[in-house]
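All the letters of the sequence shown, read from the start, carry residue numbers 9 to 358 under our numbering.
Some notes on the structure that comes next.
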Amino acid sequence: MGSRGNGKSTELNRLSELLEDHLLIVPFSIRDKLNLYDIEYSDILLIVAAEIYKNVSEYVRFSDELSKYLDTWYEKVIENERSLGLSGEVKTGFSAFVLNVTGKMKTEASTREVTRKVIQPQLSDLIYAVNKIIIEAEEKLDKNILVIIDDLDKVNLEKGEELFYKHGAELTSPICRIIYTIPQPLLFSNKIRQIVLQYFDGRIDLGNINIYNRNGQLDLGGCDLMKQVALKRMDESLISKDALNLAVKYSAGVMTEFIRIIRSAGNIADTDNRGRIDVPDVEQAIADTKNDYIRILNPQDIEILKNVMKTKGKVGGEKFQDLLFSLAILEYSNGEAWYDIHPAIKRIIK
9 MGSRGNGKST
19 ELNRLSELLE
29 DHLLIVPFSI
39 RDKLNLYDIE
49 YSDILLIVAA
59 EIYKNVSEYV
69 RFSDELSKYL
79 DTWYEKVIEN
89 ERSLGLSGEV
99 KTGFSAFVLN
109 VTGKMKTEAS
119 TREVTRKVIQ
129 PQLSDLIYAV
139 NKIIIEAEEK
149 LDKNILVIID
159 DLDKVNLEKG
169 EELFYKHGAE
179 LTSPICRIIY
189 TIPQPLLFSN
199 KIRQIVLQYF
209 DGRIDLGNIN
219 IYNRNGQLDL
229 GGCDLMKQVA
239 LKRMDESLIS
249 KDALNLAVKY
259 SAGVMTEFIR
269 IIRSAGNIAD
279 TDNRGRIDVP
289 DVEQAIADTK
299 NDYIRILNPQ
309 DIEILKNVMK
319 TKGKVGGEKF
329 QDLLFSLAIL
339 EYSNGEAWYD
349 IHPAIKRIIK
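And the structure:
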């Protein structure tokens with residue numbers, strides 16, 4: 009868990025590198041495979057099955073018994089499809105099904121609709137098939153499988169609760185290790201404790217980098233860290249010290265916000281045929297962020313943000329969760345969690 013853009017994907021990539029000699033890593037972004045605005049738990053399980061099958065197939069020749077079972081399962085899918093009057097082009101075998109159907113799940117609403125109607129009634133059989141693949145693969149490879157599913161944190165709170173609370177049992181039914189990214193607003197749902205205790209072994213919270221302490225003083229360690237991030241990616245001569253300091257202060261300690269500010273400022277400088285980013289370029293990038301928030305915040309939001317800025321605490325109920333999701337509110341920690349509003353919004357709220 010963590011704010012959108014605060015480095016979860018980077019940490020998961022590092023984890024993959026650390027464990028690749030010991031585990032068979034099956035990493036993928038759910039955003040690359042499915043439509044995040046139209047996603048169901050059965051879609052996720054089907055993609056998990058497909059990704060495990062494709063990754064394992066590179067290293068293992070499945071037994072005739074397992075291949076026959078998978079093809080038989082696929083034949084049942086076709087029969088179910090025909091019984092519903094939904095039959096389309098028949099693919100030959102489980103392997104072709106994996107490649108063809110899952111490749112269309114993201115872009116074709118009709119494929120999603122048909123697939124759900126034929127897969128959900130046979131979901132237990134699909135899970136059984138996935139687990140047979142896992143068992144045989146781990147035995148032949150002498151390695152455990154770790155599936156890493158990124159970008160599910162980008163679904164909204166309502167969808168997050170539906171997926172992980174209502175269908176946590178199904179999502180944790182494959183018998184390999186799985187890491188899910190989960191929407192941060194779920195942390196403030198009264199269901200989160202039940203979700204973690206009932207279905208998951210635990211959770212890791214990835215915090216934002218403290219640019220300011222709770223009392224409003226600059227956190228020099230956090231600021232230096234952000235500067236190091238920038239200077240590992242660009243020559244120091246390309247940005248003035250004051251401009252870099254300003255970008256750090258308005259990054260909110262969120263990596264993608266920081267990178268976006270510098271990229272935007274760089275585009276502004278480049279358009280003016282200047283070879284260095286300076287303070288006015290960063291100021292313009294910050295103004296653009298401020299204007300984005302002006303467009304989406306309403307009077308009720310503003311009152312909640314004022315209270316958060318004043319108390320550094322959680323106020324506003326579900327609306328707080330929405331503002332957290334949009335990065336209008338950020339979570340930090342100095343021993344215990346506290347909250348502040350995006351620095352660009354402080355230019356709106358007096």
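Idealized CB from N, CA, C, for every residue including glycine.
Beta-carbon separation (whole angstroms), residue i vs residue j, contact threshold 8 Å
{"i": "A380", "j": "V290", "result": "Shown here, the chain extends from 9 to 358; a query on residue 380 therefore has no answer."}
{"i": "A293", "j": "A273", "result": "5 Å"}
{"i": "K322", "j": "I312", "result": "Actually they are not in contact, since the Cβ atoms of K322 and I312 sit about 10 Å apart, beyond 8 Å."}
{"i": "Q206", "j": "M9", "result": "At roughly 17 Å, the Cβ-Cβ gap does not stay under 8 Å, so Q206 and M9 are not in contact."}
{"i": "V34", "j": "E59", "result": "5 Å"}
{"i": "G215", "j": "E339", "result": "7 Å"}
{"i": "G271", "j": "A277", "result": "Just to set this straight, residue 271 is Arg in the shown sequence, not Gly. R271 to A277, Cβ: 11 Å. No contact."}
{"i": "D150", "j": "S37", "result": "Going by Cβ atoms, the distance from D150 to S37 rounds to 28 Å, so no, they are not a contact pair."}
Where the beta strand (DSSP E) containing residue i begins and where it ends
{"i": "S37", "result": "L31 to S37"}
{"i": "L154", "result": "N152 to D158"}
{"i": "Y340", "result": "I337 to N342"}
{"i": "Y188", "result": "R185 to Y188"}
Nearest neighbour of residue i, chosen from the options [CA to CA]
{"i": "K62", "options": "T119, L31, L228 and F102", "result": "F102"}
{"i": "F330", "options": "R284, G230 and L165", "result": "With the sequence shown as reference, residue 330 is identified as Asp, and Phe is not the correct amino acid for it. Cα-wise, what sits closest to D330 is L165."}
{"i": "D46", "options": "A238, G168 and M263", "result": "G168"}
{"i": "K199", "options": "N315, K174, E59 and L20", "result": "K174"}
{"i": "R355", "options": "L131, I310, T319 and M113", "result": "I310"}
{"i": "N246", "options": "V287, F172 and Y207", "result": "The displayed chain sequence assigns Leu, not Asn, to residue 246. Nearest of V287, F172 and Y207 to L246, Cα basis: V287."}
{"i": "E147", "options": "S71, L233, Q192 and G215", "result": "S71"}
{"i": "A57", "options": "I157, N253 and L27", "result": "I157"}
{"i": "D209", "options": "I187, T297 and T319", "result": "I187"}
{"i": "E144", "options": "G229, Q128, Y77 and I127", "result": "Y77"}
{"i": "K84", "options": "G111, I127 and I269", "result": "I127"}
{"i": "A137", "options": "K318, L54 and L171", "result": "L54"}
{"i": "K112", "options": "R268, K41 and L195", "result": "K41"}
{"i": "K320", "options": "I357, I52, S341 and R90", "result": "S341"}
{"i": "L226", "options": "S17, E28, L23 and N253", "result": "N253"}
{"i": "P307", "options": "E265, I357 and D243", "result": "I357"}
{"i": "E116", "options": "R22, M317 and D51", "result": "D51"}
Chain-order list of residues whose beta-carbon lies under 8 Å from that of residue i (same chain, five-residue window excluded)
{"i": "R185", "result": "L31, N152, I153, L154 and V155"}
{"i": "R211", "result": "M9, I190 and V204"}
{"i": "I183", "result": "N139, I142 and I143"}
{"i": "I269", "result": "A255, Y258, S259, V290, A293, I294 and T297"}
{"i": "I353", "result": "K298, Y301, L305, L313 and A336"}
{"i": "F196", "result": "K322, F328, Q329 and L332"}
{"i": "T18", "result": "M263"}
Span of the alpha helix (DSSP H) around residue i
{"i": "D309", "result": "P307 to T319"}
{"i": "P288", "result": "V287 to I304"}
{"i": "A255", "result": "K249 to K257"}
{"i": "F105", "result": "G101 to K112"}
{"i": "G229", "result": "L228 to L239"}
{"i": "E1", "result": "Summary: the structure shown does not reach residue 1, with the chain confined to residues 9 through 358, and so no result is reported for it."}
{"i": "A117", "result": "A117 to I127"}
{"i": "Y173", "result": "Here Y173 belongs to no alpha helix (DSSP H), and DSSP marks it neither H nor E."}
{"i": "S132", "result": "L131 to L149"}
{"i": "T264", "result": "M263 to T279"}
{"i": "S11", "result": "Taken as a continuous stretch (DSSP letters only), S11 belongs to no alpha helix (DSSP H), as it is neither H nor E."}
{"i": "Y61", "result": "Y49 to S65"}
{"i": "N21", "result": "K16 to L27"}
{"i": "F333", "result": "E326 to F333"}
{"i": "Y207", "result": "I200 to Y207"}
Close beta carbons around residue i, own chain, < 6 Å, minus the five adjacent residues each side
{"i": "D79", "result": "G101 and F102"}
{"i": "E178", "result": "Y49"}
{"i": "I135", "result": "S181"}
{"i": "G15", "result": "M263"}
{"i": "N88", "result": "V126"}
{"i": "N315", "result": "V323"}
{"i": "V64", "result": "A145"}
{"i": "S248", "result": "D286"}
Cβ neighbours of residue i in the same chain (closer than 7 Å, five flanking residues each side left out)
{"i": "K162", "result": "R12, R39 and L44"}
{"i": "Y361", "result": "With the chain running from 9 to 358 in the structure shown, residue 361 is simply not present."}
{"i": "V109", "result": "T119 and T123"}
{"i": "R241", "result": "none"}
{"i": "L233", "result": "I217"}
{"i": "C231", "result": "I219 and V256"}
{"i": "P129", "result": "N88"}
Should the stretch 334-347 be called in touch with the stretch 296-312, which here means at least 3 C-beta pairs below 8 Å? Segments in contact, yes.
Taking three-plus beta-carbon pairs below 8 Å as touching, is the stretch 338-356 in contact with the stretch 212-229? yes
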